[in-house]
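A short write-up of the structure that comes next.
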Amino acid sequence: MTGAIADDLLTAQASADPYAVFDALRRDDPVHWSETHRAWLVTRYADVSAAFANKAFSNDRVRPVLAKQQARRAESGEAADRPATASERVLALMSGWMVVSDPPVHTRLRKLAAGAFKGQRIAVMDAQITALVDELLDGFLAGAGEQDLISEVAYPLPATVIATMLGAPPSDRDLFREWSDELALVAFGTGGAARAERHERALRGLNEMDAYFRGLVAQRRAEPGEDMLSAMMSTDESDDKLSDDELVAMCALLLFAGHETTTNSIANATLALLRNPDALAALRADPSLLNPAVEELLRYDGPIKVINRWVVAETELAGRTISPGERVHLVLASANRDPEKFTDPDTLDLTRSPNPHVAFGKGIHACIGAQLARMETRIAVGRIVERLPGLALAHEPVWKDALASRSMETLVVTH
Ligand code: HEM
1 MTGAIADDLL
11 TAQASADPYA
21 VFDALRRDDP
31 VHWSETHRAW
41 LVTRYADVSA
51 AFANKAFSND
61 RVRPVLAKQQ
71 ARRAESGEAA
81 DRPATASERV
91 LALMSGWMVV
101 SDPPVHTRLR
111 KLAAGAFKGQ
121 RIAVMDAQIT
131 ALVDELLDGF
141 LAGAGEQDLI
151 SEVAYPLPAT
161 VIATMLGAPP
171 SDRDLFREWS
181 DELALVAFGT
191 GGAARAERHE
201 RALRGLNEMD
211 AYFRGLVAQR
221 RAEPGEDMLS
231 AMMSTDESDD
241 KLSDDELVAM
251 CALLLFAGHE
261 TTTNSIANAT
271 LALLRNPDAL
281 AALRADPSLL
291 NPAVEELLRY
301 DGPIKVINRW
311 VVAETELAGR
321 TISPGERVHL
331 VLASANRDPE
341 KFTDPDTLDL
351 TRSPNPHVAF
361 GKGIHACIGA
371 QLARMETRIA
381 VGRIVERLPG
391 LALAHEPVWK
401 DALASRSMET
411 LVVTH
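Throughout the sequence shown, residue numbering follows the UniProt record's numbering, covering 1 to 415 in sequence.
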């Protein structure tokens, strides 16, 4: 192992182009202990895949934080019956999410949510999503000069889709976007006074969200519809049911998991095409390329760089001993560029087949919304390419210095 290996994934340079850092890690120290991140960085495809199947790596990472906060409060002598802090309430909501649960809790939640994600239920959304994309593109086309494709199209779409699928009225769409941002702020922690203040505001917003979803659950219980929420209440498989609290948590999870990821999927895909004009021209000439193109765009520069796991038992990965209490970052964006798995991994090849990328994860937690995410990306990218023939990048984009997501601040273009 080379002690001096560059492993800081949060420098401006690594945020703009993390792939050089990943290449070096994959080659020189594929299961690397990073002092910078206080975590193991796992960068090869084979090791990331093995880690997804390893029971020593746990997703249960919110409950321990909540337990610690509650214990701290108890130690400080606060009355036990004092209402939970806003932070505790949000952590309690998040601790019920399947994505931060291990079996058997995860198994049960996933099974009860699965009905809402059945292929047919998602497939019928095609026309509605196309209409939403076209509505956003109409607004975009009405503007002239430099415009941000993220704020105008890629950002509003996914929250609107989730609001629609949960059966919320269109007038409430803006609320969903705000809550999604607030969830991200709370979930990814805070730093600095300004962020601490935003955090407080976000917590207040999330309490409103909680109340809103509770109202929606009550409405659907009284009057079930064709929406996802009603589907998650139905009990065709067994007598087991999601409680009201669990349904509220599920609504928040779908919003959290499905918003920023899909926004970035659409934005990163568009940028990759703009930077690869031959691929863009090929897609314009032959729209039947769209399905393999979406897979390749997710592989080439997908929205998630890193997925976290906590180590709960001593284990080995590529000859390294990993101990309980340590943290592991599975670097999906690096696995997807591993030359051991993909020929010419740094080339965007819209016809690549097979394309076993791990942009949606793998194993028991593999993205339950993948079909919906693929559909949204396919429709948005397809309509952008078709309706904006003069699309051009106005500025080099600025990337957010985020560890988990591959995310631009803006994507300023002309059309
Ligand atoms: C391109 C967009 C998306 C990407 C790249 C993505 C990626 C992922 C990944 C990598 C995981 C695995 C997390 C882990 O192993 O810890 C995951 C899980 C999940 N995703 Fe997505 N996702 C996307 C869109 C969506 C959408 C649209 C929804 C729903 C509306 C959604 C809902 C979920 C849920 C509920 C989980 C947790 C599944 C479980 O724990 O069993 N995702 N996603």
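Yeah, the Cβ is synthetic: ideal placement off N, Cα and C, and Gly gets one too. All of these numbers come straight from a predicted model, not from anything done at the bench.
Could you check if residue i belongs to the surroundings of the ligand HEM, using beta carbon to heavy atom distance under 6 Å?
i           : result
C251        : no
K254        : Note on residue identity: the sequence assigns Leu, not Lys, to residue 254. L254: yes, Cβ under 6 Å from the ligand HEM.
H329        : no
V124        : no
P345        : no
P292        : no
S265        : yes
I384        : no
L91         : no
G369        : yes
R110        : yes
residue 458 : Coverage of the chain is limited to positions 1 through 415, which leaves residue 458 absent and any answer about it impossible.
I379        : no
M98         : yes
G361        : yes
L273        : no
I150        : no
L372        : yes
P356        : no
T164        : no
I322        : no
G258        : yes
Within its chain, find whatever has a CB closer than 7 Å to the CB of residue i; leave out the 5 residues flanking it on each side and keep chain order.
i    : result
N291 : R378
K362 : S49, F52
P18  : L9, K305, A333
P158 : G258, H259, T262, T263, E376
I129 : V161, M375, E376, I379
A282 : L289, L350
E178 : G205
H365 : N59, V99
If you drop the 5 nearest sequence neighbours on each side, which residues of the same chain put their C-beta closer than 8 Å to that of residue i?
i    : result
L66  : E88, L91, A92, S95
K400 : S15, S407, M408, E409
P339 : P345
L274 : L280, L391, A392, L393, V413
I307 : H329, L330, L332, G361, A404
G145 : T414
R284 : V385, E386, P389
So, are the CB atoms of residue i and residue j less than 7 Å apart?
i           : j    : result
T267        : A394 : Per the sequence shown, residue 267 should be read as Ala rather than Thr. No, Cβ-Cβ distance for A267 and A394 is not below 7 Å.
L332        : W97  : no
L317        : V48  : no
H259        : S180 : yes
L403        : I150 : no
A335        : D301 : no
N355        : P303 : no
M233        : A113 : no
L166        : D227 : yes
I5          : D23  : no
T43         : L25  : yes
A313        : A56  : yes
V133        : A269 : no
N276        : L372 : no
S230        : R220 : yes
I244        : V217 : Just to set this straight, residue 244 is Asp in the shown sequence, not Ile. Yes, they are a contact pair.
residue 416 : R320 : This structure cannot speak to residue 416, because the chain is shown only from 1 to 415.
F176        : A187 : no
L203        : A123 : no
R352        : E386 : no
F256        : L183 : yes
Within a Cβ cutoff of 6 Å, which residues of the same chain sit near residue i, ignoring the five residues on either side of it in sequence?
i           : result
H106        : M98
V398        : E409
residue 416 : For the chain, the structure presents residues 1 to 415; residue 416 sits outside this window and is missing.
S34         : D7, L41
L141        : none
A370        : F360
Which term fits residue i, buried or exposed, when burial requires 16 or more other beta carbons within 10 angstroms of its beta carbon?
i    : result
R299 : buried
Q13  : exposed
R309 : buried
D240 : exposed
P156 : buried
S76  : exposed
G101 : A quick correction: the sequence has Ser, not Gly, at residue 101. That one is buried.
R72  : exposed
T343 : exposed
Exercise. What residue ranges within the stretch 92 to 170 form continuous alpha helix (DSSP H) runs of no fewer than 4 residues, ordered along the chain?
Worked result: You should have 105 to 114, 119 to 123, 126 to 142, 156 to 166.
Problem set entry | Sequence ranges, beta strand (DSSP E) only - wholly within the stretch 24 to 99, length at least 3 | Correct list: 31 to 34, 39 to 42.
Problem set entry | Complete alpha helix (DSSP H) runs within the stretch 241 to 296 (minimum length 4 residues, chain order) | 244 to 275, 277 to 285
Exercise. Could you give the uninterrupted runs of the alpha helix (DSSP H) lying entirely in the stretch 183 to 232, keeping only those of 4 residues or more?
Worked result: If we require 4 residues or more, the alpha helix (DSSP H) runs fully inside the stretch 183 to 232 come out as 193 to 222.
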